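This is the structure:
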């Protein structure tokens, strides 16, 4: 992102330094904040903007898809901590000339996905927007006390896994950029238009203690792996041939390695596990693939056949500026 | 607001109808949502947008004031339920060319007020904005189980009270509209630039069971009184001569009745109490003034000396469109 996001987060960390340590189990920098709710339960909170022309475009995305994707972003953060979704809040600012039918269809897309995962739409705010549709989604989840799976617990020797297949969401963006006039068929690019957050998989990984550190792939594999390594103080080496690539479009063609490595918004899970753990090949019908190992040396490496090169996290801009 | 806010809220209520009734004590339509957190405690959640040129203007408001006002909006919703603030989340989208110093000062203004009331900045989201600064503030509070003071509990015969003085925040907006080039002195218009949410007062009103129904005055007295009446299925009659008017500006002139009745963003509390309750004249140094009574008849009335007229809620646009 062109924003100095890291600088901003460290600024917030510094200035927001809190006097409520007992309440706040984990703060800024993970997928969710972890709050002590009761003696046996923690609450998870995550917020995510969905802004027109930054995260979606009205000519590309149906209102149902925009609502679904909004909600998926938050749910995926809950999944990445092994949590159970509880409630959803929506702050929504709308341009004056937006048809009511757009709003109805947007909320339908959003609540359909939320209810599927047991989250109630519980409140929010409405305002007028002078430029475009602005939505902020707040997801509240729960997890047994002290059991949230963090980004920061990866250890040297851990094996690295991903769920599902990668690059499918980004492939749709590349395609739409090329032919900006005709719409894509959402059925051929479901991972982009109607991504499925991995709530059940995240819960199983937490319950069975299969995952030691976890994150959801929203910024792209390379960037999200870098987040885990940074927060855990470790490095990683992954094998390009083992990265599961999505197949999409009419022809079901496999996406490029580049998209699988750097494309964002797949909302799959990336996690590490102690080497002794017996990992199932799939959980709730979602494949689980081993792609590499956590290392002691503070570097990200990509094996390409016989040679190994540095893996540079490229981040993910939702849309190249149009 | 020009937005069909009511239609939107009822749409959300209808579509978001939830399967988690046990968790969700009170839903959309009050100052905060009330969530069952544990056997002895409820959580309060509120979200509030602060959008450039809708809620603030960069040429009028210092970054510290914008941060403070953002935070005050959320804290005031917690105060209106008699709650204790716990944690704060910030979704922040910034234009690419915004100086880092603006962000630092904004976060300082925000966290200073939050920490004063015991709320930790615990997380959020950052994004790029294509038009102006966009902030969404999420406040999390707590209240003993079942004790949140709702809008919907006013009963015929209840006396109506307000804290502090009204119209001071709106007076600043009127003044700035008139002389758009020179800045106002924030010290002369504190209620606008650095409003104080009534957290302690709200807590005392709840603890001592002094308030039966409560709301914060963010949309203006007339509109917020209408909210209480609507949610409680009652009417109200207030006396124009008893409405406490703010004094502001260099001359400390009293604001017009119009501003006291319809001006928004004072963040004082409006509440009703059973007629037998002995109400203190001030709580924690903040005055408490009786202004009227809740009636059975479904109408809002304003007494003006000897005659009584209908009180039409005018709502509050943060800024008239420039």
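Residue numbers (the numbering used here), protein chains in the order written: chain A, 1 to 322; chain B, 323 to 644. Positions of the beta carbon are idealized from the N, C-alpha and C atoms, including for glycine. None of these values were measured; they are calculated from a predicted model.
- Here residue 313 of chain A is buried, its C-beta having at least 16 other C-beta atoms within 10 Å.
- Cβ neighbours of residue 413 of chain B within its own chain (closer than 6 Å, five residues either side excluded): 446, 447, 458.
- Using a 10 angstroms sphere on the CB of residue 129 of chain A, the tally of other CB atoms reaches 16 or more, which defines it as buried.
- Closest option to residue 486 of chain B, judged by alpha-carbon separation, among B/575, B/382, B/572, B/605: B/605.
- Relative to residue 402 of chain B, the option among B/556, B/433, B/529, B/506 whose CA is nearest is B/529.
- If you draw a straight line from the Cα of residue 624 of chain B to the Cα of residue 540 of chain B, it comes to about 20 Å.
- At the C-beta level, residue 297 of chain A and residue 231 of chain A stay beyond 7 Å of one another.
- Judged by DSSP in its simplified three-state form, residue 523 of chain B adopts helix.
- Buried is the label assigned to residue 558 of chain B, since at least 16 other Cβ atoms lie within 10 Å of its Cβ.
- Not a single C-beta of chain B is nearer than 7 Å to the C-beta of residue 243 of chain A.
- For residue 247 of chain A, the three-state secondary structure derived from DSSP is strand.
- Residues 136 of the same chain have their beta carbon placed closer than 6 Å to that of residue 49 of chain A, with the five preceding and five following residues left out of the count.
- Where residue 371 of chain B is concerned, the enclosing beta strand (DSSP E) starts and stops at 363 to 373.
- The stretch 142 to 199 of chain A is shown to contain whole beta strand (DSSP E) runs of 3 or more residues at 159 to 163, in chain order.
- By alpha-carbon distance to residue 168 of chain A, the top candidate from A/300, A/177, A/189 is A/189.
- Contact annotation: in the stretch 449 to 462 of chain B, residues whose CB is within less than 8 Å of a CB in chain A are 449, 450, 451, 452, 453, 454, 456, 458, 460, 462.
- Nearest C-alpha to residue 583 of chain B among B/564, B/574, B/616, B/609: B/564.
- Looking at B/482, B/520, B/460, the one whose alpha-carbon comes closest to that of residue 544 of chain B is B/482.
- Residue 294 of chain A is not a Cβ neighbour of residue 308 of chain A, given a cutoff of 7 Å.
- Within a 10 Å sphere around the beta-carbon of residue 437 of chain B sit 16 or more other beta-carbons, which makes this residue buried.
- Listed along chain A, the residues sitting closer than 8 Å to residue 367 of chain B by beta-carbon distance are 87, 89, 122, 123, 138, 140.
- If you draw a straight line from the Cα of residue 213 of chain A to the Cα of residue 267 of chain A, it is about 16 Å long.
- When 7 Å is used as the limit between beta carbons, residue 371 of chain B is near these residues of chain A: 91, 93, 125, 127, in chain order.
- Cβ neighbours of residue 440 of chain B within its own chain (closer than 8 Å, five residues either side excluded): 406, 407, 408.
- Per DSSP, residue 59 of chain A lies in no beta strand (DSSP E) and is assigned neither H nor E.
- None of the residues of the stretch 537 to 553 of chain B has a beta carbon lying less than 8 Å from any beta carbon of chain A.
- Taking a contact as a CB-CB distance under 8 Å, the pair residue 525 of chain B and residue 404 of chain B counts as one, their CB atoms being some 6 Å apart.
- Under the DSSP assignment, residue 425 of chain B falls in the alpha helix (DSSP H) whose first and last residues are 422 to 438.
- Just measuring C-alpha positions, the residue of A/198, A/250, A/201 sitting nearest residue 185 of chain A is A/250.
- For residue 360 of chain B, the closest Cβ of chain A is nearer than 7 Å.
- The CB of residue 78 of chain A never comes closer than 8 Å to any CB in chain B; the least such distance is about 13 Å.
- Residue 546 of chain B counts as buried, since no fewer than 16 other beta carbons sit within 10 angstroms of its beta carbon.
- Note on residue 504 of chain B: under 16 other CB atoms within 10 angstroms of its CB, so exposed under the neighbour-count rule.
- The DSSP-derived three-state label of residue 37 of chain A is strand.
- For the options A/171, A/215, A/148, A/106, the alpha carbon positioned closest to that of residue 197 of chain A is the one of A/215.
- Closest in alpha carbon position to residue 276 of chain A, among A/209, A/140, A/258, A/253, is A/209.
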